[in-house]
Each structure stands twice: as C-alpha cells, then as structure tokens.
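Take the sequence shown: its letters are residues -19 to -1, 1 to 168, numbered as in mature numbering (1 follows the signal peptide of the UniProt record, and there is no 0). No residue lacks a Cβ here, since even glycine has one placed at the ideal position from N, Cα and C. Fair warning: this is a prediction, and the values are worked out from it, not measured in the lab. Okay, structure first, notes after.
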Amino acid sequence: MKKLFIGVFTLLGFAVAQAQNASVEKDIIGVQIGLFGANAYNEHKLSDAVALRSQLSLHGGFWTGTMYEKTGFLLIPAASLEGKWYYGLNRRVRKGKNTKNNSGNYFSLRAEYFPNWFIISNYNDITNNDNSISIMPTFGIRRSFGRNFNYEFNVGYGYSQTLGKNPNSKGGAFSLSFKIGYDFFKR
C-alpha cells in the first residue's frame, strides 16, 4: 500500500508539473551591446506570452570610401516601446528547452523615437537638426546562457518619418541587430 501511495503521488506530481503553462518573466532589467550600438531595457510581463519592452539606446553607424577623408562612425540616442509576443513557449517547455529570462522566438511591434539631443562621432561637423520616429514589426530570437547572460537577434522592416519644421524624409526603414547582454534584475 505504501508503494502504491508513493507511485500515485509521484505520477500526480509529474502531471501537475506538465500542466503548468510557460510564461515570460514578470520583469527583467538589463543591458545589451552589439556591433552597432548598446541599450538598457526593461521587459515587463503583460500576459503569459506577451511582454512590453521599454529601452534607451545608442544606435551606431559607420561609413567609409573614397568620398571621405577617413572612416567615420556615429552614435545617436533613441527611446523605444515594443510589444513582444513570445510564441511557442509551451512547446519549448514540452521539448525540454530553456525559457529562462524570456528565452524564445518572438514577433514584436516597435515604436522608436530618435531625439536630436546629441551625436557622438569622430567627425566634428555632423549635426542632427530633426527628430524622427519609426514603427517597425520585427521577428527575433532571444536566448539566455550562463547565469544571467543573453543574446538576441532581430530583423524588421517598417516606416520611418523625420519630424520638425521641414520634414525631409519618410519611407521604409530596415533593422538588423545582434546583441549580447546581461540581465541585472528579474522577478
């Protein structure tokens, strides 16, 4: 009889563990750095599979060629809000894959604002007189490794508009990013 109770409670424990739904973390605060910039972010849980990411970034770019006296680079600030839908989290759990720190594939919609506060560059004569915004759907992959490290790849195409007294550009915008980061805090 004792063995029967142990067996039943063991099977019941496995059934309860399998019935739990995978979920994104309640809050994650971290930083990421890549070849074309760095960002500080917070991902806040809205539902089991949806998170709202707010971030402050420095986006980078570079140029070279015979038209320029030297190779140039720049960093410009940006602030964004991004709704992320992590699809397939339950499938990842069933397959025994990691979902820690929001590891998974996602679709998102990002709204980003580029203020004309400052530009960091090795050229002195670069100015940014106008603000701009972009709205961009993206596809991404986020994975955690080690204790609190992560890497994230995303790609997207959307719409960008320059704001100001004389808006001079609008149209398509492409985004491609690969960053490695560290999560400082999670609940």
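Query                                                                                                                               : Result
When you compare only the Cα positions, how much space is there between D29 and T80?                                                : 12 Å
Is the separation between the beta-carbon of Y67 and that of G42 shorter than 7 Å?                                                  : no
Do you know how far the Cα of S113 is from the Cα of H40?                                                                           : 13 Å
Taking A71 as part of the alpha helix (DSSP H), name the residues at either end of that continuous run.                             : Note that residue 71 corresponds to Asn in the displayed sequence, not to Ala. Segment L70 to R75, the alpha helix (DSSP H) holding N71.
Please report the residue range of the beta strand (DSSP E) in which W44 lies.                                                      : V31 to W44
Apply the 10 Å Cβ neighbour rule to Y104 and answer buried if 16 or more other Cβ atoms are within range, or exposed otherwise.     : exposed
Quick one: complete alpha helix (DSSP H) runs, 4+ long, within the segment 101 to 152?                                              : none
Do E24 and A59 come within 7 Å of each other at the CB atom, strictly closer than that value?                                       : no
Beta carbon of residue 181, beta carbon of G137: below 7 Å?                                                                         : Nothing can be reported for residue 181: it is not among the residues displayed for the chain, which extend from -19 to 168.
Provide the residue(s) that pair with residue 204 in DSSP beta bridges, ordered along the chain.                                    : Residue 204 cannot be examined here, being either before or after the span of the chain that is shown, -19 to 168.
Once you ignore the five residues that flank L90 on each side, which residues in its own chain have a CB closer than 6 Å to its CB? : G64 and P118
Quick one: grab the DSSP three-state call for K81.                                                                                  : helix
Let me check understanding here. Comparing Cα to Cα, which of R128, S61, G69 and N83 lies closest to P96?                           : S61
Just the Cα atoms here: how many angstroms apart are D164 and V5?                                                                   : 14 Å
Give the straight-line distance between the Cα atoms of F17 and S158, rounded to the nearest whole angstrom.                        : 8 Å
Buried or exposed for N2, going by 16 or more other Cβ atoms inside 10 Å?                                                           : exposed
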